[in-house]
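If you read the sequence shown in the numbering used here, its first letter stands for residue 216, the second for the next number, and so on.
Scroll down for the structure; my scribbles are underneath it.
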Amino acid sequence: MLANDERIGRAADWIGERRMLGVDQPLLAAAEMFRHHAALRMLVVVDAQDRPVGVLHDSDMRVLLYSPHGYALLSNPSFGATLRSMMRPVALVDAAATPLAAFAAFTAAPEGCEGLVVVRDGRYLGTIGQPTLLRLVAESDAAEARRRAARADRIDAASRRFQADARELARRLTEASDQVATMSGRMAERAEHIGRGIAQVASASDQAARNMRLVADRGELLAAALATVEARTGDTHHATCAAVRLAAHGADEVESLRLAAGAIEAAVNEIEEIARHTATLSLNASIEAARAGAAGVGFAVVAGEVKALATKTRAAARTIHDRVAQIGAAVSGVHDVQSGLGAAVGIVETLSAAVDDAVRAQTLASRDISVTVQEVGAATRHIGDHAVGIRDGASAARDDAGFMHGLADAPVVRARTLEEQLGRLVDALQAA
Numbered sequence: 216m217l218a219n220d221e222r223i224g225r226a227a228d229w230i231g232e233r234r235m236l237g238v239d240q241p242l243l244a245a246a247e248m249f250r251h252h253a254a255l256r257m258l259v260v261v262d263a264q265d266r267p268v269g270v271l272h273d274s275d276m277r278v279l280l281y282s283p284h285g286y287a288l289l290s291n292p293s294f295g296a297t298l299r300s301m302m303r304p305v306a307l308v309d310a311a312a313t314p315l316a317a318f319a320a321f322t323a324a325p326e327g328c329e330g331l332v333v334v335r336d337g338r339y340l341g342t343i344g345q346p347t348l349l350r351l352v353a354e355s356d357a358a359e360a361r362r363r364a365a366r367a368d369r370i371d372a373a374s375r376r377f378q379a380d381a382r383e384l385a386r387r388l389t390e391a392s393d394q395v396a397t398m399s400g401r402m403a404e405r406a407e408h409i410g411r412g413i414a415q416v417a418s419a420s421d422q423a424a425r426n427m428r429l430v431a432d433r434g435e436l437l438a439a440a441l442a443t444v445e446a447r448t449g450d451t452h453h454a455t456c457a458a459v460r461l462a463a464h465g466a467d468e469v470e471s472l473r474l475a476a477g478a479i480e481a482a483v484n485e486i487e488e489i490a491r492h493t494a495t496l497s498l499n500a501s502i503e504a505a506r507a508g509a510a511g512v513g514f515a516v517v518a519g520e521v522k523a524l525a526t527k528t529r530a531a532a533r534t535i536h537d538r539v540a541q542i543g544a545a546v547s548g549v550h551d552v553q554s555g556l557g558a559a560v561g562i563v564e565t566l567s568a569a570v571d572d573a574v575r576a577q578t579l580a581s582r583d584i585s586v587t588v589q590e591v592g593a594a595t596r597h598i599g600d601h602a603v604g605i606r607d608g609a610s611a612a613r614d615d616a617g618f619m620h621g622l623a624d625a626p627v628v629r630a631r632t633l634e635e636q637l638g639r640l641v642d643a644l645q646a647a
């Protein structure tokens, strides 16, 4: 089969004859040219612009020359003045034509064509004879045969590589399918394990949510109780403050009583002093009355009465002094007790303020704890909802893993089928 081959060249490279004859030349000139060039089989006739207008064949000229009157006819001016009577149609081919195009032009040429006329831009370059065309066909067929052989070798090598690659691919597909089957089994087991774990998490989170709700309710009750305690503690603090004020007032009153007792004791001491002086005066009056005799008897009686009154006064003053001393001792004890009571009430006030602050802080903390517990309960419920979703996802993953395990054998079967088909393809290519 003729094919294009750049190594064979183009039509301009195959020209074997470049002789030509003008269309205005006599036929005798053509005969002389054929007679002097025995190998010439075809002579191209051109016009004034070297454009081919026809061809003269050696076979036609030989018939004319070998006839009994051929040369005489050629010498006759009326017969041999023009070449058109012997010209045949020309088979043209462009100088850049490929072997395939040249062979197509030769095949389409008129019957009995001796060759092709090569032109460039319509101007004559030369001719390609039948032997040259046959040689080109043979060379082209040989080149095509070599290309076919090389292509067959490449196809054979490629088919061998492809077959080896197909076997390797089938082996890898088998290994991959085995691995997929193994991994799908593991995935199913893990999904089952995860599903059980998530179910436990969901149950635990639900229990935790219920416990958190219970703790939140208890926290709200505790907050309410602490609010009540805070209110009672405030009342206690106010009462303690009032007790502190009363204790301070009582201490002031006791101090006033102690001072009054001291004043009474001082007055009693003065009374005793007056009674001593009175007794001394009554004694002196008695002495003077005794000296006066009968005239001083009445004065002596008065002096005795005064002495008796002074004695009673001194006795009463001692009694008052003793009573005042007892009152002073009692007042001192009351003062000490009142001082201790004031200190104790002060400590109670301090403790009450501290308890009030602690209860207030505990109330705030219990409220925060209640809010936090509610938030934790909501988060726990949210975790439980997510755990249910994850459990459903794990169940779906387990089902998908089982489906993958069922599909794991399909690549092996397909790989073996592909290997068999590729083997038949390689055998068919080798047979072709």
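Note that the Cβ used here is the ideal one computed from N, Cα and C, for glycine as well.
DSSP, reduced to helix, strand and coil, places M301 outside both helices and strands of the structure shown, so it counts as coil. L298 and L271 do touch by the CB rule: their CB atoms are close to 7 Å apart, below 8 Å. Relative to D275, the option among V261, R303, H252, A254 whose CA is nearest is R303.
For R250, the uninterrupted alpha helix (DSSP H) segment begins and ends at 242-251.
Nearest to A475 by C-alpha distance, out of G543, G513, H492, E520, is G543.
By the beta-carbon neighbour count (other beta carbons within 10 angstroms, threshold 16), E326 is exposed. Considered as a whole, the segment 325-376 harbours 330-335, 338-344 as its complete beta strand (DSSP E) runs of no fewer than 3 residues, in chain order. Looking at the backbone, the Cα of G508 and that of S501 are separated by about 11 Å. As computed with DSSP, H272 is found in a beta bridge with M257.
Between the alpha carbons of D571 and G449 lies a distance of about 7 Å. Note that the segment 605-614 does not touch the segment 422-434; fewer than 3 beta-carbon pairs, one per stretch, sit closer than 8 Å. For G555, DSSP records no beta bridge to any residue.
I409 and R401 have their C-alpha atoms spaced approximately 12 Å apart. Put simply, the backbone Cα of L496 is about 16 Å away from that of G513.
Membership of V308 in the beta strand (DSSP E) is indicated by the continuous run 307-309.
Residue environment: A643 is assigned as exposed (fewer than 16 neighbouring CB atoms within 10 Å of its CB, all protein chains considered).
L579 and D600 have their C-alpha atoms some 32 Å from each other. With fewer than three CB-CB distances shorter than 8 Å, the segment 247-256 does not count as touching the segment 307-323. In this structure V238 is not in contact with V278, their Cβ atoms being roughly 21 Å apart against a cut-off of 8 Å.
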